[in-house]
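The opening position of the sequence shown corresponds to residue 0 in the working numbering, with each subsequent residue numbered one higher.
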Amino acid sequence: MPSNIVILISGSGSNMTAIVRAAAARRWQARFGARVAAVLSNRPEAAGLALAREQGIATGVVDHKAFGSREAFDTALAAAIDAHAPSLVVLAGFMRILTPGFVAHYAGRLVNIHPSLLPAFPGLNTHQRAIDAGCKVAGATVHEVTAELDHGPILAQAVVPVLPEDTAATLAERVLSQEHRLYPQAIEHWLAR
């Protein structure tokens, strides 16, 4: 049985693109029976959807604005995901807080990447918070998703130095380049286990 990967995005899809490229370059289909089966977004205008379509990957939109509650959105999103029979659901810049019921439905097969060295700086504005705290290093963390935001078991981390001249934007750029390397590696490790 194939290992279908469903990737959720909200924007440009740069991490999704890195994962798709790694899947092809590292022959995940031949080695693990794994493929990126679909890319779904909560935003119809997400640029990453066009990139996924260019790669021949199925895409879909479940617009969160069309739902009266977080639970109703998550129910519709889960139905769209489950149509692709995923072994793994990957949050790649998916900017929605998910309900405990959604997280429980995908327990053990829902992963996220966060732009800090968790448990430090969960939530938003991570780069500025790291600079403000005087951190000498920052980075990214791939973790399993649990009901508590940015607190699931850590699967992999990458470290980058915080330079004296860094702004939140320059630090974010360096961290993102590491995310593009780290996330595919962590997924491959998950597939191989």
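Don't be surprised by glycine CBs; every beta carbon is placed ideally from N, CA and C. If you're wondering where the values come from, they're calculated on a predicted model, not measured in any experiment.
Taking residue i and residue j to be in contact with their CB atoms under 8 Å, please state how far apart those CB atoms are, rounded to whole angstroms.
i, j, result
"His126", "Leu170", "4 Å"
"Gln40", "Val60", "The amino acid at residue 40 is misidentified as Gln; the sequence shows Ser. Right, their Cβ atoms sit about 5 Å apart."
"Ala57", "Ala36", "7 Å"
"Ile8", "Gly92", "5 Å"
"Ile4", "Arg30", "The Cβ separation is near 14 Å, so there is no contact."
"Ala157", "Arg180", "7 Å"
"Tyr182", "Ala17", "6 Å"
Determine which residues share a DSSP beta bridge with residue i and list them.
i, result
"Glu70", "Answer is none; Glu70 lacks a bridge partner."
"Ile186", "None; Ile186 has no bridge partner."
"His113", "Thr140"
"Pro85", "Asn3"
"Leu90", "Leu7 and Asn111"
Is the beta carbon of residue i sitting closer than 9 Å to the one on residue j?
i, j, result
"Leu97", "Asp62", "no"
"Leu76", "Val110", "no"
"Gly10", "Gly67", "no"
"Leu148", "Gly107", "no"
"Ile112", "Leu90", "yes"
"Tyr105", "Ile130", "no"
"Gln184", "Ala65", "no"
"Val102", "Val141", "no"
"Glu187", "Trp27", "yes"
"Pro160", "Lys135", "yes"
"Leu175", "Ser2", "no"
"Pro99", "His150", "no"
Write down every uninterrupted run of the beta strand (DSSP E) in the segment 9-61 whose length is 3 residues or greater and which is fully enclosed by it, in chain order. If you keep only unbroken beta strand (DSSP E) runs of at least 3 residues inside the segment 9-61, you get 33-40 and 57-60.
Curious, which full-length alpha helix (DSSP H) runs of at least 4 residues does the segment 116-175 contain? The DSSP assignment places 125-131 as complete runs of the alpha helix (DSSP H) inside the segment 116-175, in order along the chain (cut-off: 4 residues).
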